[in-house]
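Below is one structure, written out as C-alpha cells; the observations come after it.
Residue numbers (the working numbering), protein chains in the order written: chain A, 1 to 337; chain B, 1 to 337; chain C, 1 to 337; chain D, 1 to 337.
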C-alpha cells in the first residue's frame with residue numbers, strides 16, 4: 001500500500017500515520033517529494049489488506065499495490081490449470097464447447113437439442129433447472145425433474161452436464177446429477193454459495209458478475225479455491241454498460257486479462273453477452289481469437305417457442321455453422337476441440 | 001408489448017408474428033406506418049411478460065410497455081406504506097435514522113457507538129455480524145456472538161436492530177435478535193434469500209444492487225412482497241459507474257423515481273454511497289431534500305481502528321452535527337424525526 | 001508517481017527503470033517489500049506527468065499520485081472564487097439561479113419565459129441560439145437572430161445572459177450579446193474551444209462531459225484558466241450510466257467533491273440531469289443541500305410546444321414553487337439568492 | 001413513436017394527446033389494452049423525430065421506434081461501402097491496416113516506424129500532429145511541421161496518411177498533407193467539425209465517442225454524409241466502463257452491430273481500446289474474427305521513449321508478429337489484406 005499525504009499535512013500528521021502502520025506490525029518507507037510525502041507500507045499481505053488509512057488527518061489518498069487473491073494468481077502457479085471433467089478437459093490445449101437450451105423445458109426439447117449439439121461437436125450439455133429470474137412471475141425452472149432429464153439425456157447422447165446452482169442447500173442434490181456446477185452472474189458474490197462450493201468435489205464454472213471488475217471476479221474464484229476446490233473455470237458473459245443495443249457488453253479484453261493474471265481456464269458466453277442470436281457467431285469467433293479456452297452457447301431446437309432467452313438462442317443449423325468456424329479458429333490458436 | 005417489424009419484413013413475416021401472438025392467448029393491434037409495421041400486443045400481463053419475439057423473421061425489435069412488478073407499484077397502492085418496527089415507524093411522515101458501526105467488533109465499540117447515536121437522535125442501531133467481503137481473507141464478522149451483542153446493547157440503549165442477512169438458512173437465527181433484516185447490494189438478486197424473506201415476519205430493508213436498474217430493484221422487492229411480507233424498505237446506496245473519486249455514485253434521482261413508481265419507503269446510505277466520510281454530511285442533507293424517508297449512516301467511536309469501512313465512518317461528534325442539520329431539513333420537508 | 005515492479009522482475013529490470021527515471025531529470029526512492037519492489041518517483045510535476053513506464057520489462061503497473069491541474073486546485077487557492085458577472089455574483093455566499101428555455105424560438109416565447117423567471121427570482125436568462133443536436137435533422141437553433149433576442153429581452157427584464165458556444169470562431173459574435181459563455185457537455189474536451197475561451201474576457205460556464213471524470217473536468221477548466229481567464233463556473237449536469245429511467249444520472253457527490261478539490265463555483269442542472277420535469281424540483285432542492293452555488297433550470301411558458309427538451313422543462317408556475325423551496329434551503333446553507 | 005398512457009390517464013388526457021399528434025401533421029393508431037392505452041404515431045420520420053410528448057398529462061412514457069439517421073443505414077444502401085483512398089481500399093473484401101506512432105515526434109522516429117509498418121504489410125501511416133490531451137501541460141503535437149514530416153515520410157515509404165483533425169479551421173491545411181481525416185473520440189459530437197468535413201473532398205475516419213451509443217455514433221456519421229461526403233470509415237476504440245484494468249473496454253459487439261445497421265466500413269483500434277501493449281495482439285485477432293474491415297495500431301520504434309502512449313505501442317517486431325496472425329485470420333474471413 002502507498003499512502004499519499006496531502007501537501008498540507010503536518011509533520012505530526014505524518015508521524016501519526018507512521019505510528020499507526022507500525023502498530024499493525026508493518027514497516028514504512030518514506031519518500032519526501034516536492035509537493036507531498038508518500039508513505040510506502042511494507043510487510044504481510046493480509047495485514048496490509050485490512051489496513052484502512054483514509055480517515056486519518058493529512059492523508060490524501062491510499063493506493064493498493066497488490067491484489068488480495070493468491071491461489072488463482074499466475075504468480076502463484078505459472079502453468080495453465082486444466083480442469084478434467086470425467087475425462088473431458090478444459091484449459092491449456094483443450095478447447096471445450098458447452099451448448100444447449102437456456103432452460104430445461106421437457107424431454108423432447110432437451111433430446112433434440114442434446115443430439116444436435118453432440119453431432120456438431122460439443123462435449124457438454126448446458127441447461128437450467130433452477131432459473132434466477134428478474135421477476136417472480138417468470139418461469140423458474142423444473143427443479144429436480146429438470147436435473148433428471150439433463151442427466152439421462154446427456155448420458156444417452158454422451159455429454160457432460162453443466163447446470164446452474166442458486167442455493168447452497170442444493171449442492172448434494174445437483175451434485176447427484178451434474179458434472180459442473182455453474183454459478184450465475186447474479187450469484188458471483190453470493191459468498192455463502194462460493195464457500196460451500198469450495199468444499200464440493202466437482203468443478204465450478206464461475207460467471208463474471210453483471211458489473212464485477214476482473215479483480216472482484218478473481219477474488220470470488222479465490223473463495224472457491226481457498227475452500228479446497230481447485231477446479232474453477234471462469235466465464236465471461238458480458239458486463240453492464242450504458243449501451244442498450246446489446247443486452248450486455250461482451251468484454252473480450254477480459255479473456256486476455258485473465259490469461260495474464262491467472263492460470264485458470266476461461267470460457268465465453270456470447271449468447272448472454274450479446275442477447276442477439278445474429279451476433280453469437282461473430283462473437284464466438286472473436287472469443288476464440290482472443291484466446292478463450294471454450295464457449296458456452298444457447299441452442300434451442302425451436303427458439304421461437306423457448307420459455308426463456310429465445311431471442312439469443314441459435315437453431316441447431318446455425319450452431320453447426322458456428323462449430324465449423326470455431327474449429328478452424330481454434331486449430332489456428334493451437335487448441336484441440 | 002410493441003413489436004417493430006423491419007422495413008424489409010414481408011406480409012408473410014407479419015402474418016407469422018400475428019399468429020404466434022394469438023397462439024399465446026393474446027390480441028394484436030396492427031399499425032402500418034410509412035416505413036414499417038408495428039404490432040401492438042394486448043392482453044394478460046403475465047402472458048406478455050414471458051413472450052419473446054426477436055428471433056422471428058422480419059422482427060426488428062420489441063419494446064416492453066409495462067413493468068412486470070405489481071404489488072410494489074404506486075398504481076397498485078396509492079398511499080405511502082409506513083413500516084412499523086415495534087413502534088418505530090418509517091415512511092409517510094416518519095423519518096428514520098439508522099446508525100452504528102459497519103461491523104460489530106466488540107462490546108466496548110458497540111456500546112460507545114450505540115449510546116452516541118441514540119443521544120444524537122437515531123432510533124435504529126445498525127451493525128454487521130455476517131459480513132460479505134470481496135476477499136476471503138477479509139474480516140467476516142462475529143456471527144451469532146455479534147448478534148447477541150447487538151441485541152443486548154440495543155436494548156440497553158433503547159434502539160431497534162438492523163443487521164444484514166447473507167444466508168437464507170439464518171432467518172431464524174437472525175430473527176431471534178434483529179428487528180429488521182438487511183439485504184445487501186450483492187444479494188439484491190439472491191432470489192432464494194428474497195423468497196425466504198417473503199415468508200419472514202419481520203421487515204426487510206432491501207439495498208439496491210451495485211448496478212441494478214430501478215426496475216430490477218422493484219422487481220426484487222416484488223419477490224419479497226409476493227411471498228406475503230409487505231414490510232419492505234428500499235435503500236439507495238450508490239451505483240457503479242466509471243467515476244473512481246467516490247466509492248460508488250450515489251443516485252439521488254432514484255429517491256424521486258421510487259417515490260413516483262412505488263409506495264414503499266426509501267432510505268439512503270451516504271456512507272457506502274460515497275466511501276468518504278467528508279462527503280457523508282452533504283449527501284445526507286441532499287438525501288433528505290430529495291425526499292428520502294430515512295438514512296443509514298456508519299458511525300464508529302474510533303474510525304481509525306475500525307476493522308472495516310473506517311474510511312467512510314463518522315465519529316460520534318460529526319454524526320451529532322449531521323443530525324442537527326438533518327433535523328432541520330426533515331422538518332422543512334414535513335417529516336418527523 | 002509510484003512504479004510497482006512485478007514479483008518476477010529481475011535486478012536488471014529494476015536498474016533499467018531507475019536509470020530511465022533519472023534520465024528524465026527525476027529522483028527515485030526504492031522500497032523493497034516482501035513480494036515486490038516499489039519505485040517512488042520524485043521531482044518536477046510536469047516531468048512526471050509525461051513519464052510513461054508500463055512498457056518497460058518487469059513493470060507491473062504505475063500509479064499516479066498527483067493531479068496534473070494546478071490553477072483550479074484548492075491547494076493552489078484556498079478561498080472560494082466568486083465570479084462577478086456585471087454585478088451579479090456566483091460563488092462563496094452568492095447563490096445564482098439561471099433559467100429559461102432550452103432553445104430560443106421566438107420573441108413571444110422568450111419574453112414570457114424571461115419575465116416569469118425574473119419574477120420568481122432568477123438573475124440569469126439561459127437560452128440556446130446554437131444547439132448541438134444528436135441528429136443533423138433536429139432543430140439547430142436561430143443563430144445570431146437568437147442572440148439578438150436574448151440580449152434585448154434580457155435587458156428589458158433586467159437579467160444577465162448565459163448561452164452556449166459550440167464553435168471557437170463565434171467568440172466575438174457571441175461575446176457581443178452574452179454575459180457568460182456556456183460550454184456544453186459534448187464540448188467539454190473540445191480543447192480548441194477551451195483554449196480560445198482562455199483568452200476571452202467574459203466568464204465561462206463549463207458543463208461536465210457525458211462521461212467525464214471529475215479529474216478530467218478540472219483539467220478542462222485548467223485549459224481555460226491557464227489561458228488567462230480565471231472566471232470559470234463548473235456545472236454538473238448528470239453523467240452517463242446504465243440506468244435508463246432518467247436521461248442521465250445526476251451526480252451530486254460531484255458537488256461535494258468539487259468543493260473539496262477546487263475553489264471554483266459549481267452550479268447544477270437538474271433539467272438535463274434527470275430529463276424529467278417531475279424530478280427537477282426534488283433534485284434542485286438536493287443540489288442546494290449538497291452545497292451547490294447555483295442552479296440552471298429549463299423553463300418554458302408552454303413546454304408542450306417546445307422545439308426541444310419539452311419533457312424536462314418546467315412551467316413558470318412550477319418554477320415559482322421551486323424557487324420558494326430553493327430560497328429556504330439556500331438560506332439554511334448560509335447563501336444569499 | 002409509441003406513446004404509453006398511464007393506467008390513470010383520463011379520456012380527456014388521451015384526447016389531448018391525439019389532438020397534439022394530429023396538429024403536428026401525423027396520424028395516430030389507438031390500442032386499448034387491459035391496463036393502459038397505447039398511442040401509435042405514424043407519418044413523416046422527421047416530424048416524429050422532433051415530437052416530444054412526455055410532458056403531457058397522462059403520458060407515462062414514449063418509445064422511439066425508428067432511428068433518425070438515414071444515409072448511413074443498411075436499409076438505405078444494402079451493399080457495403082468501399083472507401084477508396086487514392087487506390088487503397090477499405091470495406092467489402094478489402095482489409096486495411098493503419099499503423100504508426102501516436103504522435104509525430106521527429107523524422108528519425110517517423111521514418112523508422114513508417115518503413116517498419118510498410119515492411120510488415122500496412123498500407124496506411126498513422127501519426128498525430130495535433131494532439132487533444134487531457135491536460136494543457138501535456139505534449140500538444142508538432143502541428144504543420146508534423147504534417148510535412150508525415151507526408152514526406154509516407155511518400156518515401158509508399159503509404160497513405162491518416163491524421164487527426166481537431167479544429168474545423170484546419171481542413172485546408174491538413175487536407176494539403178493527409179489522405180484521411182481522423183476525428184477523435186473527444187470530437188465525435190463536435191458537430192461544427194463534422195459539418196465542415198461533410199464538405200471536404202477526402203475520406204473521414206470517425207472514432208466512436210468515449211461513451212457514445214452506437215446510435216449516436218451513426219447519427220454523427222450522418223452529419224458527415226448529409227453534408228455530401230460519403231466516404232466515412234467508422235472506428236471502434238473502446239468505451240468507458242467501470243472496469244479499470246484496461247484503459248477502455250473494447251466493444252467488439254459494436255463491429256457486428258455496425259455491420260447489421262450500416263453499410264459503412266469499420267476498423268478497430270485495439271491500442272487505445274485496451275491501453276496495454278500486451279493485449280493488442282489478441283484483440284487485433286479478435287477484431288478480424290468479429291468481422292472488422294481494418295485495424296489501426298500504434299507502433300513506435302522505441303516505445304520506452306515515446307512522448308505519448310508508449311504504454312500501448314507495439315515495437316516493430318511485435319507488430320510483425322501481429323501482422324502474420326492478422327493475415328491468416330483475414331484470409332479465413334474472406335478478406336484481402
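Note that the Cβ used here is the ideal one computed from N, Cα and C, for glycine as well.
As the structure is a computational prediction, the values presented were derived from the model and not from experiment.
Nearest to residue 144/D by CA position, among 107/D, 250/D, 174/D, is which residue? 174/D
Along the beta strand (DSSP E) that carries residue 181/B, what are the first and last residues, could you check? 180-183
Same chain, Cβ closer than 7 Å to residue 24/B, neighbours up to 5 away in sequence not counted: 47, 51
Residue nearest to residue 180/D in terms of C-alpha spacing, selected from 309/D, 89/D, 289/D: 89/D
With DSSP collapsed to three states, give me the class of residue 58/B. coil
Name the one or two DSSP bridge partners that residue 204/A has. 181/A, 232/A
Using three-state DSSP, classify residue 91/D as helix, strand or coil. strand
Near residue 228/D, what residues of its chain come up, given a Cβ to Cβ distance below 8 Å and the 5 sequence neighbours on each side ignored? 198, 199
Taking all protein chains shown into account, do 16 or more other C-beta atoms lie within 10 angstroms of the C-beta of residue 32/D, making it buried, or fewer, making it exposed? exposed
Near residue 6/C, what residues of its chain come up, given a Cβ to Cβ distance below 6 Å and the 5 sequence neighbours on each side ignored? 58, 60
Selection from 293/B, 252/B, 304/B that minimises the alpha carbon distance to residue 282/B: 252/B
Looking at residue 293/A and residue 321/A, is the spacing between their C-beta atoms short of 8 Å? no
Determine, using beta-carbon pairs with one atom in the region 186-197 of chain A and one in the region 233-240 of chain A, whether at least three such pairs fall under 8 Å. no
Candidates 45/B, 315/B, 248/B: closest to residue 66/B by CA position: 45/B
Which residues in chain C have a C-beta closer than 8 Å to the C-beta of residue 35/A? List them in chain order. 45, 66
Contact list for residue 31/D against chain B, beta-carbon separation under 7 Å: 29, 40, 42
When you compare each of 271/C, 115/C, 101/C, 82/C to residue 92/C by their alpha carbons, which one comes out closest? 82/C
Exposed or buried, which one is residue 12/C when buried takes at least 16 other CB atoms within 10 Å? exposed
Taking C-beta to C-beta, are residue 123/A and residue 159/A nearer than 8 Å? yes
Pull out every residue of the region 229-251 of chain A whose Cβ sits closer than 8 Å to any Cβ of chain C, in chain order. 240, 241, 242, 244
What are the start and end residues of the alpha helix (DSSP H) that includes residue 272/C? 270-274
Which one of 288/C, 243/C, 154/C, 156/C has the shortest CA to CA distance from residue 269/C? 288/C
Quick check: what's the CA-CA separation for residue 223/C versus residue 192/B? 53 Å
Give a yes or no on whether the minimum CB-CB distance between residue 323/C and chain D is below 8 Å. no
State the beta-bridge partners of residue 19/C as determined by DSSP. Answer is none; residue 19/C lacks a bridge partner.
I'd like to know whether the C-beta atoms of residue 166/C and residue 204/C end up nearer to each other than 8 Å. no
Quick one: which chain C residues come within Cβ less than 9 Å of residue 75/A? 6, 7, 8, 35
Which residues in the same chain have their Cβ closer than 7 Å to the Cβ of residue 115/C, if we skip the five residues on either side of it in sequence? 157
Tell me the DSSP bridge mates of residue 96/C? 294/C
Cα-Cα separation between residue 249/D and residue 213/A, rounded to whole angstroms: 12 Å
Output yes if chain B places a C-beta closer than 8 Å to the C-beta of residue 268/C; else output no. no
At least one CB of chain B closer than 8 Å to the CB of residue 2/D: is that the case? yes
Nearest chain D C-beta to residue 291/A closer than 8 Å, yes or no? yes
Identify, in the order they occur along the chain, each residue of the same chain with its Cβ nearer than 8 Å to the Cβ of residue 303/D, setting aside the five sequence neighbours on each side. 277, 310, 311, 313, 314, 315
Within 10 Å of its beta-carbon, does residue 216/A have 16 or more other beta-carbons around it, so buried, or fewer, so exposed? buried
Given that residue 296/B touches chain C, what residues does it touch there, using C-beta distances under 7 Å? Going along chain C, no residue has its Cβ under 7 Å from residue 296/B, so there is no contact; the nearest lies around 17 Å.
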